[in-house]
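With my numbering, the residue at position 326 of the sequence shown is 1554, and numbering never jumps.
A virtual CB, placed ideally from N, CA and C, is assigned to each residue, including glycine.
Beneath this line is the structure, given in structure tokens, with notes to follow.
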Amino acid sequence: MKSDIEIAQEATMQPITKIASKLGLTEDEIDLYGKVKAKILKSDIHEANNYGKLILVTSMNPTPAGEGKSTVTIGLGDALSSIQKKTAIALREPSLGPTLGLKGGATGGGYAQVVPMEEINLHFTGDMHALTSATNLLSAIIDNHIHQGNELNIDIKRILWKRAVDLNDRALRTIEIGLGGPVNGVPREDGFEITVATEMMAVLCLARDLNDLQKRVSNILVAYDISGNPIRVSDLKVEGAITALLKEAIKPNLVQTLEGTPAIVHGGPFANIAHGCNSVMATKMALTLADYTVTEAGFGADLGAQKFLDIKVPVLGKSPDAIVLVATIRSTKMHGGLSLEELSNGESLDALREGFKNVAKHIENVQQYGIPMVVALNEFTTDTLAERELFMELCESIGVDCVLSSVWEKGSEGGIQLAEKVVELCEQKSQFNALYPVDATIQEKIDAVATKIYGASKVNYTENSLEDLKEIERMGWNEMNICIAKTPYSFSDNAKLKGRPNNFEITIRSLVPKLGAGFIVALTGKVLTMPGLPKVPAALGITVSEDGKIQGLY
């Protein structure tokens, strides 16, 4: 079969005006970025009682063997369109970090892709650059304020805000700035985060509109003064300039799938170190314009889906009508103890049985929220008939339907059965159950996620995190949501613990208030907000031909 980029480059894309018309958008309601990309200008978004159906796609814990969550999301959207359902897909924007690093692009695969694939994976409409500039403007304002006399008495040892670049660059995690004499500012320790892990990204994705964006920006906590009082963006009076830099970036982007289904691609926070969902505005737009909206949350259900349901849903005002949990035979067998190399040795029913414990735990987690669900078994050519039958039997044994998906190979045709099942689930009555009450304490919220979702037996707190907790309580920030930063490869905070680990403890090493986003980030394990490149980055395989075509971008 052809590579993803070959399939994408051979596609005949429809004019974006035609794609817009499928959602009832006129040419006056979109801003063209060439012939096949546009920003949506429509501002009158309906309230929740007028929304269409919402389908959330999530997955088991990822492995190097692959799950294909974005591929299934896109293929399901196309399949819904093919059975005559007015459908929109709502996805996150790819980050240059994984695109040029380890994972590659994030626009689906095979015959279930959003296009133009290369442009979406690279600079797209400039949203990432705007967010990077807004983040770095704030850093520049902070250091200039200190250099110009420090009227706010900012404690240079308690500056929380970091600079950003949307690349994996481990050398920038911790840096010294202001060196070279007084003319260059005040020397201090600083660092960089990858753009998709910044609070600026979270703020953009959780803002209801431009006014809400400015309010959230103004409330961002940047530092403490020498007396321990919080200093926000509003104290530096730069919220207006930051909002101006984000004025275009907050508008959702409209593109299309290979089969011409409208796709709204906007915002891109990571799910391991941020909240992992596309923007509220994009999802609301899709729910307003289509009868069925298919969206995804990053990484496995223990991260992306949990954060979608507990952080995004309260802002969105609507919970999913159905949830699709994506799994593969290959990843299930890796959770059952096989190495990536051993997967090529053929059938292993024992490893599949053992690895299914990981899938089962994710199923249990989704069921806690009271939302109808189905497991989508994403087919690989290496799967055997006996393995597929066993996987189906295991799902049936715990009372959950499983449907095969072959959208990577067949496009919408390979997702018809899944689409029909999702339509059926969307008609079922459900009662959304939040994981924890809003008025629970920070520790109670962390404990709820760790014990109910991860399956941890205990949560430990370092001395540093306990001091952070006292600070949060002193400031009255207890009613904020919790966003736990954790490895995506395990239910635990140890990436090596595959499957469904038992009797494990997790450790909270620090708590970081994100007042603009409206949540507290709880850092665990070795999770870093600036990833590093692998030994052989994906960037080394990317070239441009003489006719200007990009090759090697997957």
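Check                                                                                                                                                              : Outcome
Considering only C-alpha positions, which residue in the set D1519, T1757, V1749 and G1642 is nearest to T1315?                                                    : D1519
Give me the Cα-Cα distance between N1457 and N1709, rounded to the nearest whole angstrom.                                                                         : 22 Å
In the DSSP assignment, find the unbroken beta strand (DSSP E) run with V1343 in it and report its ends.                                                           : A1340 to V1343
Would you check if the region 1323 to 1336 and the region 1664 to 1682 touch, i.e. whether three or more CB-CB distances between them fall below 8 Å?              : no
Report, in whole angstroms, the separation of the C-beta atoms of A1435 and M1509, which I expect to be a contact under 8 Å.                                       : 7 Å
Using the DSSP secondary-structure output, state which residues sit across from E1404 in a beta bridge.                                                            : E1417
Pull up the CB-CB distance for T1291 and N1500, whole angstroms please, since I reckon it's below 8 Å.                                                             : Incorrect: roughly 14 Å between the Cβ atoms, too far for contact.
Which partner residues does N1525 have in the DSSP bridge list?                                                                                                    : The sequence given here has Ala at residue 1525, not Asn. In DSSP, A1525 forms a bridge with C1505.
Are the region 1739 to 1750 and the region 1438 to 1451 touching by the rule of at least three beta carbon pairs closer than 8 Å?                                  : yes
Could you name the residues that DSSP lists as bridge partners for V1285?                                                                                          : E1524 and V1552
If we count the other Cβ atoms within 10 Å of its Cβ and call it buried at 16 or more, is F1719 buried or exposed?                                                 : buried
Here's the rule: buried if 16 or more other CB atoms are within 10 angstroms of the residue's CB, otherwise exposed. What is K1589?                                : buried
So what's E1707 in DSSP terms, helix, strand or just coil?                                                                                                         : coil
What's the gap between the Cα of F1619 and the Cα of V1687?                                                                                                        : 33 Å
Can you tell me whether DSSP reads Y1689 as helix, strand or coil?                                                                                                 : strand
Within the region 1533 to 1600, note down every full beta strand (DSSP E) run reaching 3 residues or more, in order along the chain.                               : 1550 to 1555
Does the region 1516 to 1532 come within contact of the region 1270 to 1290, defined as at least 3 CB pairs closer than 8 Å?                                       : yes
Could you tell me which residues DSSP pairs with V1483 in its beta bridges?                                                                                        : A1491
By the three-class DSSP mapping on this structure, what secondary structure does Q1779 have?                                                                       : strand
Based on DSSP bridge pairs, tell me the residues matched to P1458.                                                                                                 : Y1452
Secondary structure at D1394, three-state DSSP: helix, strand or coil?                                                                                             : coil
Just to confirm before moving on: does the CB-CB distance between L1438 and L1432 stay below 8 Å?                                                                  : no
Please report the distance separating the alpha-carbon of S1658 from that of E1582.                                                                                : 31 Å
Roughly how many angstroms separate the alpha carbons of E1275 and L1304, rounded to a whole number?                                                               : 25 Å
Please determine if the region 1335 to 1346 and the region 1479 to 1489 are in contact, where contact requires at least 3 C-beta pairs separated by less than 8 Å. : yes
Excluding five sequence neighbours on each side, which residues of the same chain lie with their C-beta closer than 8 Å to the C-beta of F1420?                    : K1390, R1391, A1392, V1393, D1397, L1400, R1401, I1403 and M1758
On a Cα-Cα basis, can you pick out the residue from A1767, Q1779 and K1777 that is closest to P1326?                                                               : A1767
Are there three or more Cβ pairs, one per stretch, closer than 8 Å when the region 1649 to 1658 is compared with the region 1593 to 1600?                          : yes
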